[in-house]
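If you use the working numbering, the sequence shown corresponds to residues 873 to 1141, in order. For every residue, glycine included, the Cβ atom is placed at its ideal position computed from N, Cα and C. These notes are about the structure you will find just below.
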Amino acid sequence: EGLGGLQSMMKDLSGTLPGIDEAMSFTEIMKSVQRMQYSVIVFDTAPTGHTLRLLRFPTTLQSAIDKMMALKSRFGGLITQVSGMMGGSAGMQEEMLNKFEETRQTIEQVNTLFRDPDKTTFVCVAIPEFLSLYETERLVQELTKYEIDTHNIVVNQVLFAEPDICRKMVARKRMQDKYLNQIAELYEDFNVTIMPLRDYEVRGPDSLKQFAQYLINPYQPPKMTEGPASSTSVVKFIADKHNLDLKEVHNELEEAGLHVPLPLDEQPN
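What follows is the structure, given as structure tokens:
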């Protein structure tokens, strides 16, 4: 019966042990909490699934330690005998238990820090698309369960109706606008920050500093448009500006294999 109970306990224990990724990440968090060398510590977390596993890690680890302590209580004599046969000592067991207790106290300290809205907040980063909005809502709900403060959402890669926008971008902007409206409705009590899609890669200190200013001062394009100019309106504008015959310009474009429709008022009946 004792051996069977030990096997059952080991099975339960193996089911509660955390993954190596979460263990390494949480180790760094514990080190930062213990040292407190900086006034602000920013953790750039992984995608939602990994982040949720990391947030569950303290509870998982504490459960594992509790099971280890229960194992010691139930099978202390057997463990002592096996340890003695393998050259171990009671002092080593005591040292291990002390380490477990220290870890438990650090976990409680981290949990307390995580749940203090004056010291910890979670900033969600999303893009205006369905899957990202779904994942953000799932994350917000889980953070609420863990009593972790979250009241900021940064929406990245947002398109604006700037003059150089093309037709495909206009269609994509309409799609983004739908999800931006949903974000505004879902998170009306949040501070939602809109970050523009840049036509260059944001890398390096200078680019990051320039881009980061939009976190404080919302981006406003210098010019806005209702949509991209059509080829018909562009050709007419150039013909009028340079006093050219519009039909002759269209004929020359046709001869060059460039079909541009005439304006409706210039088309034959």
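When the five nearest sequence neighbours on each side are left out, the beta carbons in the same chain lying within less than 8 Å of the beta carbon of ALA998 are those of SER1004, LEU1005, GLU1007, THR1008, ILE1025, VAL1026, VAL1027, ASN1028, ILE1055, in order along the chain. Put simply, the backbone Cα of LEU985 is about 37 Å away from that of LYS1050.
The beta carbon of TYR1018 sits closer than 6 Å to those of LEU927, all from its chain and outside the five residues before and after it, given in chain order. Non-local beta-carbon contacts of MET1041 in its own chain, meaning distances under 7 Å to residues more than five positions away in sequence, involve LEU1031 in chain order.
For the options PHE915, HIS1122, PRO930, the alpha carbon positioned closest to that of VAL1107 is the one of HIS1122.
The secondary-structure analysis by DSSP pairs ASN1063 across a beta bridge with ASN1024. Counting along the chain, the unbroken alpha helix (DSSP H) around VAL1106 starts and ends at 1103-1113. Here PRO1093 carries a coil assignment [DSSP, helix/strand/coil]. Each of LEU1134, ASP1071, GLN906, PHE1083 was checked against the Cα of GLU980, and the nearest Cα belongs to GLN906. With 16 or more other Cβ atoms inside 10 Å of its own Cβ, SER897 counts as buried.
Within the same chain, and ignoring the five residues on either side of VAL1074 in sequence, the residues whose Cβ sits closer than 7 Å to its Cβ are LEU1080, PHE1083.
Here PRO989 has ASP1021 as same chain residues with Cβ atoms under 6 Å from its own Cβ, once five neighbours each way along the sequence are excluded.
Annotation for VAL995: the continuous beta strand (DSSP E) segment containing it runs 995-998. The beta carbon of VAL1012 is closer than 7 Å to those of CYS996, THR1022 in its chain, skipping five residues each way along the sequence. Residue pairing by DSSP puts VAL1030 in a beta bridge opposite PRO1068.
Between PRO1000 and GLN1048, the CB-CB gap stays under 8 Å. Contact check for PRO1077 against TYR1091 fails: the beta carbons are separated by 8 Å or more. TYR1018 sits in coil when the DSSP states are folded into three classes, being neither helix nor strand.
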